[in-house]
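Enquirer: Going down the list, the protein sequences come from chains V and D.
This note's numbering numbers the first residue of the first sequence as 14 and each following residue consecutively.
This note's numbering numbers the first residue of the second sequence as 14 and each following residue consecutively.
Structure provided below as structure tokens; questions to follow.
There are 2 protein chains.
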Amino acid sequence: MRRPAIDFYFEFASTYSYPAAMRIAPLAQAAGVSVRWRPFLLGPMFKAQGWDTSPFNLYPAKGRYMWRDLARICARHDLAFRRPDPFPQSSLLAARVAHAGLEAGWGEAFCRAVFAAEFAEGRPIGEEAVIEGLLQNLGVAPAPALARARSDEIKAALRAATGEAEQAGVFGAPSFVAADGELFWGHDRMAEALAWAVRITARAT
Amino acid sequence: MRRPAIDFYFEFASTYSYPAAMRIAPLAQAAGVSVRWRPFLLGPMFKAQGWDTSPFNLYPAKGRYMWRDLARICARHDLAFRRPDPFPQSSLLAARVAHAGLEAGWGEAFCRAVFAAEFAEGRPIGEEAVIEGLLQNLGVAPAPALARARSDEIKAALRAATGEAEQAGVFGAPSFVAADGELFWGHDRMAEALAWAVRITARAT
């Protein structure tokens, strides 16, 4: 039987991507689902809609609610929470390093470290020194990792992930795409997405 | 002990308000929560944000996803689903009649009838003849109900509900507001909102 799988599209600046990234690995393991981590950039999609910042900044009532809702979610799942300032943080460097890490085997741990630094500790993840510190904590030599992150191949890999997300219908983060193309948007659809992946795999065998 | 209570803000043109309105009564009863039904108008809020139609129309990828997500939700909860055309439907008349019905005692049943006509049968709820038929099915004489719905008092009551929603921080529908002001947005936060209402009431006694 083919193992159930799901694409996990997330963006380091995205608030609801934080609980999704911190929680998906044990939930997916328990469900028997393989997760393909796909960091991408929401910025180009937002720009195409005429937005120059997060919609949570453009629509203050929605933004106020989101911060409160996120705090409730983090409390429920025992995740520390601190609101990043400024919001959104610059996520380009982290996304490139994550793609380098995902090809090298330390990507998932790095992604969780970035989200924790940003949303549990309120640290500026756009700064190279912060990223270097996270890499060192993971036992990864920063200089070659950053060099790889800035290579043309990794830049292209990040652009490709963003393009694939758009092709799959993704318009926000986190999003989950099953093998049959079924799209789920939001941390609150994560369990449903995993269950879907299991169901379509069982049906196909 | 004071009985837990929640304000249920919804809009007849709102897609996710449909499953919320169809499901809230038995869930609230099981939780021991009183629900105050508050039909309001999203249109003025959307206009204030510079939108002249639903954001699901303005942002096509988000709209495509919403229809699919709504179909999944309806399937899960055994609710018939048919996409209204055009979308959004004009909701002003239904909202006014609902306010008349809520003061007269047939409001909740009328609200469910409107949502079912719109989202299960795809009927044009902006048309007076459709509303008249729904009233007749409920054993309510249409002419006096429609006259009351068009009275200055009911027009003011609908404006007041919309104003109270905005004051409470509501920016979309459905929304739920607990007695302590805690706001929950979306059909997928309904159970959490009911649990919150129960918890704060238990804490206060």
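C-beta atoms are modelled at their ideal positions from N, C-alpha and C, and glycine is treated no differently.
If the criterion is Cβ atoms closer than 7 Å, does the pair valine 48 of chain D and phenylalanine 21 of chain D meet it?
Expert: Taking 7 Å as the Cβ cut-off, valine 48 of chain D and phenylalanine 21 of chain D qualify as a contacting pair.
Enquirer: Going straight from the alpha carbon of threonine 66 of chain D to that of glutamine 102 of chain D, what length do you get?
Expert: 10 Å
Enquirer: How about the segment 142-161 of chain D and the segment 120-133 of chain D: do they share at least three Cβ pairs that are nearer than 8 Å?
Expert: Below 8 Å, enough C-beta pairs join the segment 142-161 of chain D and the segment 120-133 of chain D to call them touching: three or more.
Enquirer: Please state whether DSSP places serine 27 of chain D in a helix, a strand or coil.
Expert: coil
Enquirer: Which residue comes first and which comes last in the alpha helix (DSSP H) that contains arginine 81 of chain V?
Expert: 73-89
Enquirer: Short of 7 Å Cβ to Cβ, which residues in the segment 182-205 of chain D face chain V?
Expert: Gly182, Phe184, Leu196, Trp198, Asp201
Enquirer: Could you check the C-alpha separation between glycine 194 of chain V and glycine 176 of chain D for me, to the nearest Å?
Expert: 41 Å
Enquirer: Looking only at its own chain, which residues have a Cβ that is under 6 Å from the Cβ of glycine 135 of chain D, when we skip the five neighbours before and after it?
Expert: Arg95, Pro97
Enquirer: If you measure beta-carbon to beta-carbon, which residues of the segment 15-34 of chain D are closer than 7 Å to chain V?
Expert: none
Enquirer: Just tell me which of V/Ala74, V/Val110, V/Leu196 has its CA closest to the CA of arginine 3 of chain D.
Expert: Lying outside 14 to 218, the shown extent of chain D, residue 3 of chain D is not represented and no answer is given.
Enquirer: Considering only their Cβ atoms, is the gap separating isoleucine 37 of chain D from alanine 206 of chain D smaller than 7 Å?
Expert: no
Enquirer: Beta carbons nearer than 7 Å to chain D: which residues of the segment 51-79 of chain V have them?
Expert: Gln62, Tyr72, Ala74, Lys75, Arg77, Tyr78
Enquirer: Report the rounded CA-to-CA distance for alanine 108 of chain V versus alanine 84 of chain V, giving the unit in angstroms.
Expert: Take the alpha-carbon of alanine 108 of chain V and the one of alanine 84 of chain V: they are about 24 Å apart.
Enquirer: Should glycine 185 of chain V go down as buried or exposed, given a rule of 16 or more other Cβ atoms within 10 Å for buried?
Expert: buried
Enquirer: Return the Cβ separation of leucine 105 of chain V and leucine 54 of chain V in integer angstroms, given the expectation that the two are a contact with Cβ distance under 8 Å.
Expert: 7 Å
Enquirer: Give me the Cα-Cα distance between arginine 161 of chain D and tryptophan 119 of chain D, rounded to the nearest whole angstrom.
Expert: Whole-angstrom Cα-Cα distance: 13 Å.
Enquirer: Return yes when the Cβ of proline 155 of chain V is within less than 7 Å of the Cβ of alanine 111 of chain V, no when it is not.
Expert: no
Enquirer: Roughly how far, in whole angstroms, is the beta-carbon of glycine 45 of chain D from the beta-carbon of arginine 16 of chain D, given that I think they are within contact range, below 8 Å?
Expert: 7 Å
Enquirer: I'd like to check one pair, glutamate 121 of chain V with tryptophan 50 of chain V: are the Cβ atoms closer than 7 Å?
Expert: yes
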